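For the protein sequence lines, the chains are A and B, in the order given. The numbers in the working numbering rise by one with no breaks, and the one at position 97 of the first sequence is 97. The numbers in the working numbering rise by one with no breaks, and the one at position 159 of the second sequence is 159. From the three backbone atoms N, C-alpha and C, an ideal C-beta is built for every residue, glycine too. The structure displayed is predicted, hence computed values, not measured ones.
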Amino acid sequence: MPKQIILAAHFPGVNNTTVWSDPRSGSQIEFASFEHLARTAERGKFDFFFLAEGLRLREQRGLIHDLDVVGRPDTLTVLAALAAVTTHLGLAGTLNATFHEPYELARQLATLDHLSGGRAAWNVVTSHGPFFGENFRRGGFLDHADRYTRAGEFIEVARKLWDSDAGEFQHTGEQFDIKGRFGVPRSPQGRPVVLQAGDSAQGRDLAARLADAIFSRHHHLEDAQRFYRDVKDRLPAYGRDRDSLKIIPGVSYVLGDTDADAQEKAHYIRRQQVTPQTAVLLLEQLWNRDLSSYDPEGPLPAVDPVLDEADTIIKGRAGMFPDRLKTANEWRAIAEAKKLSIRDLVIEVTGRQNFIGTADRVASLLDEYVQTDACDGFILVPHLTPAGLDDFVDQVVPLLQERGVFRSEYSASTLRGNLGLA
Amino acid sequence: MTLRIAAALNGDSFDAADWISAAREADEALLDFITFDDAFGRRGPDAVLVASRVAPLTRHVGLVPVATTTHTEPFHLSTALATLDWVSHGRAGWQVRVSADPAEADLLGRRAPLGFDDLFTEAADAVEVVRRLWDSWEDDAIIKDVATGRFVDRDKLHYVDFAGEHFTVKGPSIVPRPPQGQPVIAALTHQARVWERLDVDVYFVTPSDVDSAATIVRQLPARKKVFADIVVFLDADQETAIRRRGATTSDAAVFAGTPAQLAGLIAGWEPSGIAGVRLRPGAPTDLTAITRDLVPVLRERGLFEPSTATTLRERLGLPVAVNRYSPEAANA
Chain A
1 MPKQIILAAH FPGVNNTTVW SDPRSGSQIE FASFEHLART AERGKFDFFF
51 LAEGLRLREQ RGLIHDLDVV GRPDTLTVLA ALAAVTTHLG LAGTLNATFH
101 EPYELARQLA TLDHLSGGRA AWNVVTSHGP FFGENFRRGG FLDHADRYTR
151 AGEFIEVARK LWDSDAGEFQ HTGEQFDIKG RFGVPRSPQG RPVVLQAGDS
201 AQGRDLAARL ADAIFSRHHH LEDAQRFYRD VKDRLPAYGR DRDSLKIIPG
251 VSYVLGDTDA DAQEKAHYIR RQQVTPQTAV LLLEQLWNRD LSSYDPEGPL
301 PAVDPVLDEA DTIIKGRAGM FPDRLKTANE WRAIAEAKKL SIRDLVIEVT
351 GRQNFIGTAD RVASLLDEYV QTDACDGFIL VPHLTPAGLD DFVDQVVPLL
401 QERGVFRSEY SASTLRGNLG LA
Chain B
1 MTLRIAAALN GDSFDAADWI SAAREADEAL LDFITFDDAF GRRGPDAVLV
51 ASRVAPLTRH VGLVPVATTT HTEPFHLSTA LATLDWVSHG RAGWQVRVSA
101 DPAEADLLGR RAPLGFDDLF TEAADAVEVV RRLWDSWEDD AIIKDVATGR
151 FVDRDKLHYV DFAGEHFTVK GPSIVPRPPQ GQPVIAALTH QARVWERLDV
201 DVYFVTPSDV DSAATIVRQL PARKKVFADI VVFLDADQET AIRRRGATTS
251 DAAVFAGTPA QLAGLIAGWE PSGIAGVRLR PGAPTDLTAI TRDLVPVLRE
301 RGLFEPSTAT TLRERLGLPV AVNRYSPEAA NA
């Protein structure tokens, strides 16, 4: 039997991937939108629904960012409500190990696991620096270097609490010194599914040690295959087999009646995603300086990026550019060669959809990625709320089912069971 | 005068079906709201999540979970409760609780237990921050202006800039202003020194008779809604109820008898000026006795009339929550 594909639905996020100007775009906060996407995912027999997290509104040039969709619900609360309108779909939330404490979060996740009959999942992330900390008791207490110490110890403590089955626990470590009785008996999954998103060597080791799945950002076939091998090769050292950690990149797609039609739609969507104002702001995120005086229809800046990673012009968004100077030079070269304005360049180099084509072509590409060990499945990121996955479920899922690489019915009642995890 | 009728769900079940049947029972009887008990370190599910779990399966009843201010983040409390309000279309409330138990401080590990004054200073600060964050988006902040490319008018998003003894919070919220603007905040209080500190809309109090209820109501500001808590054992015959009550003791009055007798007691308390009663079922079967046997009697006697208001605030007769950061508030 061929490898089975894991599919997850990402609720559209608060960045320019999500197109709000389209007439089909609905509310980003009404429960009906969450319900629609979750029910669509369940109709398509998806493994889980995925929510990113919000800790503070993003700022650029010291002002609240106003060009993208903004405003979202509390993760756990909306997932608990979604448990009422779905029956098999996993419910995954991104929750920060820096601004939560293990007792409370482990209790909430175990509660969600009980209330959903074994469908809870936790995407563990950490934050450092003062920006998010300004909304929380301890401020920005965590050093960059301690991120994985905190995340690792947090997961270990959470496991200890979940395994205690409402019993006594004690933990003394670098980050936490706690004891008492855990208030939740063993939940249906025993332990909610743990996802991890870090990409550094430390992040990969943490995932190999403690996670059930990785939300990866490796999209290109060969790059993804390298990442896949690298992470899976780390598992034996922790006494784990290769199937016990699933690798699931976040991806976007565009469907068309023909491949050319899909390419055209994809370009149209990117123009919606990169308005003239957004083009300049995205360029600023690389250049790390105020470019508001630049014309989005004009040429790229001649000045170089500001290399100050401690004080970036964008706050509240994970760093996307490890080498600003190198990337800036590459972008300039592309713009020069193709005679592109700022906006056209940004459309060219950012946010290109990962899978573009007819439903048949997209189904075959997804299958190829999974069968050639570039990944174990996909977290699909639609660009429209809430109907952004309707076409995928209607057109691509049946083709994957025909190929025998995706379920036609749920085989288990828990998320762990459906993911094939012990 | 009619009264508002609430029920306290005090169970600790982890089975969603138990909560769904209880919440639907209250919803179908058109009770005004139900509260979900919790405490930071107790054995039992997280009450906010339980309330949210039943929200899409109910249409009418208000949903008021307990959440603790002592060891939690005010920012998370604010966003969770705002989300409950979105999910329930304006039926959310919050019963504030503090944690004085040193064993609960050990569950968090970073702090020594707080004394009485600190507990309530912190709780009052948490209520203030939660309220400010709910207002931190003006209702018309989302503009979707294609011409300028702006989704939101940042001038209608507000930093709350709270700095207190126990925490600081910058804001704004990540959640747009919830449907009620300000979901209803409640607290169970036994002492005047607690009443005075917390900026809540609803007080749950524990009078022993109509006179003590009247005394309490007189001590509280007139705009506050006072609910008298009563523990109830309800049966068709009084002897069974009394037998089931046994030696039950409580901070609240404990009633054992028939639905008609309880309706009589509630009618007797009505002149005290209370807004309503919160009935605490002595056992799970007492909830169905409330919804199926007591409610018809109360309606027949004109003591209870199901509300036609869709939001909990409106139902309780609370004024429309003017946003503190809006031009209307500045002009008021």
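(1) Note down, in chain order, each residue of its chain lying with its Cβ closer than 8 Å to the Cβ of LEU325/A, except the 5 sequence neighbours on either side.
(2) Is GLU348/A helix, strand or coil by DSSP?
(3) In the segment 382-413 of chain A, which residues sit with their C-beta less than 9 Å from some C-beta in chain B, listed in chain order?
(4) Sort THR40/A, ASP22/A, GLN225/A and LEU67/A by Cα distance to HIS281/A and report the nearest one.
(5) Measuring alpha carbon to alpha carbon, tell me which residue in GLN28/A, LYS45/A, PRO12/A and ASP22/A is nearest GLU409/A.
(6) Which of the three DSSP states is assigned to GLU168/A in this structure?
(7) Would you say ILE64/A faces chain B, with C-beta separation under 9 Å as the test?
(8) If LEU133/B and PHE75/B are in contact, beta carbons under 8 Å, what's the gap, nearest whole angstrom?
(9) Would you kindly report the start and end of the unbroken beta strand (DSSP E) that includes TYR253/A?
(10) Which residues in chain A have a C-beta closer than 8 Å to the C-beta of THR72/B? List them in chain order.
(11) Are any of the Cβ atoms in chain B nearer than 9 Å to that of ASN135/A?
(12) For the segment 268-299 of chain A, enumerate the residues whose C-beta is nearer than 8 Å to any C-beta of chain B, in chain order.
(13) Measure the C-alpha to C-alpha separation of ARG245/B and ASP251/B and round it to an integer number of angstroms.
(14) Starting from LEU57/B, find everything on chain A with Cβ-Cβ shorter than 8 Å and list it in chain order.
(15) Would THR206/B pass as a contact of LEU234/B if the rule is Cβ separation under 9 Å?
(16) Please say whether PHE227/B and ALA186/B have beta carbons closer to each other than 9 Å?
(17) Measuring alpha carbon to alpha carbon, tell me which of ALA330/B, LEU294/B, ASP229/B and GLU270/B ends up nearest GLN261/B.
(18) For SER252/A, tell me which candidate among LEU384/A, ASP22/A, LEU109/A and TRP20/A has the shortest Cα-Cα distance.
(19) Counting Cβ pairs, one atom from each stretch, are 3 or more of them under 8 Å apart for the segment 266-282 of chain A and the segment 290-301 of chain A?
(20) Starting from the beta carbon of GLY183/A, find every residue of chain B whose beta carbon is closer than 7 Å, and list them in chain order.
(21) Can the beta-carbon of PRO178/B be found less than 9 Å from the beta-carbon of ALA141/B?
(22) Given this structure, state the Cα-to-Cα distance separating ASP161/B from ARG292/B, to the nearest angstrom.
(23) For ARG352/A, count neighbouring Cβ atoms within 10 angstroms of its own Cβ and tell me buried if that reaches 16, exposed if not.
(24) Using the C-alpha atoms, what's the distance from PHE40/B back to ARG138/A?
(25) Between the segment 198-216 of chain A and chain B, which residues of the former have CB atoms less than 9 Å from a CB of the latter, in chain order?
(26) By alpha-carbon positions, which one of PRO299/A, VAL194/A, THR275/A and PRO102/A ends up nearest to ALA211/A?
(27) Return the residues of the segment 92-110 of chain B that lie within a Cβ-Cβ distance of less than 7 Å from chain A, sorted by chain order.
(28) Below 7 Å on C-beta distance, what does GLY54/A contact in chain B?
(29) Run through chain B and tell me which residues come within less than 8 Å of HIS114/A, C-beta to C-beta.
(30) Rounded to whole angstroms, what's the CA-CA distance from GLU128/B to LEU198/B? Just pull it up for me.
(31) Against GLY149/B, what residues of chain A qualify as contacts under a CB-to-CB distance less than 9 Å, listed in chain order?
(32) So, are the CB atoms of LEU168/A and LEU108/B less than 9 Å apart?
(33) Quick one: complete alpha helix (DSSP H) runs, 4+ long, within the segment 72-135 of chain A?
(34) Whose C-beta lies closer than 6 Å to the C-beta of VAL397/A among residues of the same chain, with five residues either side of it excluded?
(35) Report the residue ranges of all alpha helix (DSSP H) runs contained in full by the segment 202-271 of chain A; include only those spanning at least 4 residues, in chain order.
(36) What would DSSP say about PRO65/B, mapped onto helix, strand or coil?
Let me lay it out:
(1) As a working mapping, residue 325/A is identified with position 325 in the first sequence. For LEU325/A, where only same-chain residues beyond five positions count, the Cβ hits under 8 Å are ASP304, PRO305 and LEU307.
(2) Looking up residue 348/A in the first sequence gives position 348. Helix.
(3) From the segment 382-413 of chain A, no residue has a Cβ closer than 9 Å to chain B.
(4) Translated into positions along the first sequence, residue 281/A becomes position 281. Note that residue 281/A is Leu in the sequence shown, not His. Nearest neighbour of LEU281/A by Cα position, chosen from THR40/A, ASP22/A, GLN225/A and LEU67/A, turns out to be LEU67/A.
(5) For the purposes of this step, residue 409/A is taken as the residue at position 409 of the first sequence. Considering only alpha carbons, the answer is LYS45/A.
(6) Translated into positions along the first sequence, residue 168/A becomes position 168. Strand at GLU168/A.
(7) What you label residue 64/A is simply residue 64 of the first sequence in a count that begins at 1. ILE64/A counts as touching chain B.
(8) Here residue 133/B corresponds to residue number 133 of the second sequence, with the count starting at 1. Here residue 75/B corresponds to residue number 75 of the second sequence, with the count starting at 1. Yes, they are in contact, since the Cβ atoms of LEU133/B and PHE75/B sit about 7 Å apart, within 8 Å.
(9) Within the first sequence, the letter at position 253 stands for residue 253/A. In the DSSP assignment, TYR253/A falls within the beta strand (DSSP E) that extends over 253-255.
(10) Along the second sequence, one-based indexing puts residue 72/B at 72. Near THR72/B (Cβ distances below 8 Å), the residues of chain A are GLU104.
(11) Mapped onto the first sequence, residue 135/A falls at position 135. Taking CB atoms only, ASN135/A has a neighbour in chain B less than 9 Å away.
(12) Along the segment 268-299 of chain A, the positions whose C-beta sits under 8 Å from a C-beta of chain B are THR275, PRO276, GLN277 and THR278, read in chain order.
(13) The count along the second sequence starts at 1 and reaches residue 245/B at position 245. The count along the second sequence starts at 1 and reaches residue 251/B at position 251. Distance between the alpha carbons of ARG245/B and ASP251/B: 15 Å.
(14) Start at 1 with the first residue of the second sequence, and residue 57/B comes out as number 57. Contact annotation for LEU57/B against chain A: ALA84 [CB-CB distance below 8 Å, chain order].
(15) Position 206 of the second sequence holds residue 206/B. Position 234 of the second sequence holds residue 234/B. Contact: no.
(16) As a first step, residue 186/B must be located in the second sequence, where it is residue number 186. As a first step, residue 227/B must be located in the second sequence, where it is residue number 227. Against a cut-off of 9 Å, the Cβ pair of PHE227/B and ALA186/B comes out as a contact.
(17) Within the second sequence, residue 261/B is the residue found at index 261, counting from 1. The shortest C-alpha separation from GLN261/B is found at LEU294/B.
(18) As a position in the first sequence, residue 252/A is number 252, starting the count at 1. Comparing C-alpha distances from SER252/A to each of LEU384/A, ASP22/A, LEU109/A and TRP20/A shows the shortest one belongs to LEU384/A.
(19) The segment 266-282 of chain A makes contact with the segment 290-301 of chain A: 3 or more CB pairs, one atom from each, lie closer than 8 Å.
(20) As a first step, residue 183/A is located in the first sequence; it is residue number 183 there, counting from the start. What GLY183/A touches in chain B: GLY41, ARG42, ARG43 and GLY44.
(21) Numbered from 1 along the second sequence, position 178 holds the residue referred to as residue 178/B. Numbered from 1 along the second sequence, position 141 holds the residue referred to as residue 141/B. No, they are not a contact pair.
(22) Translated into positions along the second sequence, residue 161/B becomes position 161. Translated into positions along the second sequence, residue 292/B becomes position 292. The straight-line gap from Cα to Cα measures roughly 49 Å.
(23) Looking up residue 352/A in the first sequence gives position 352. Under this definition ARG352/A is an exposed residue.
(24) As a first step, residue 138/A must be located in the first sequence, where it is residue number 138. As a first step, residue 40/B must be located in the second sequence, where it is residue number 40. If I take the Cα positions, the gap works out to 19 Å.
(25) Residues of the segment 198-216 of chain A that bring their beta carbon within less than 9 Å of a beta carbon in chain B are absent altogether.
(26) Start at 1 with the first residue of the first sequence, and residue 211/A comes out as number 211. Here the closest residue by C-alpha is VAL194/A.
(27) So the list reads ALA103, ASP106, LEU107, LEU108 and GLY109, given in the order they occur along the chain.
(28) Taking the first residue of the first sequence as 1, we reach residue 54/A at position 54. Residues of chain B passing the Cβ test: ILE174.
(29) Mapped onto the first sequence, residue 114/A falls at position 114. Under the 8 Å cutoff, chain B gives PHE14, ASP15, ALA16 and PRO45.
(30) For the purposes of this step, residue 128/B is taken as the residue at position 128 of the second sequence. For the purposes of this step, residue 198/B is taken as the residue at position 198 of the second sequence. The alpha-carbon atoms of GLU128/B and LEU198/B are separated by roughly 9 Å.
(31) Within the second sequence, numbered from 1, the residue matching residue 149/B stands at position 149. Residues of chain A passing the Cβ test: SER21, ASP66, LEU67, THR275, PRO276, GLN277 and THR278.
(32) The sequence position of residue 168/A within the first sequence is 168, counting from 1. The sequence position of residue 108/B within the second sequence is 108, counting from 1. The sequence given here places Glu at residue 168/A; Leu does not occur at that position. Their beta carbons are not under 9 Å apart, which means GLU168/A does not touch LEU108/B by this criterion.
(33) Fully contained in the segment 72-135 of chain A are the following alpha helix (DSSP H) runs of length 4 or more, in chain order: 75-82, 102-115 and 130-133.
(34) Counting from one through the first sequence, the residue named residue 397/A turns up at place 397. Within the same chain, VAL397/A has close Cβ partners GLY44.
(35) Every alpha helix (DSSP H) stretch that sits fully inside the segment 202-271 of chain A and reaches 4 residues is listed by chain position as 221-233.
(36) Counting from 1 along the second sequence, the entry for residue 65/B is found at position 65. The answer is strand: DSSP assigns PRO65/B an E or B state.
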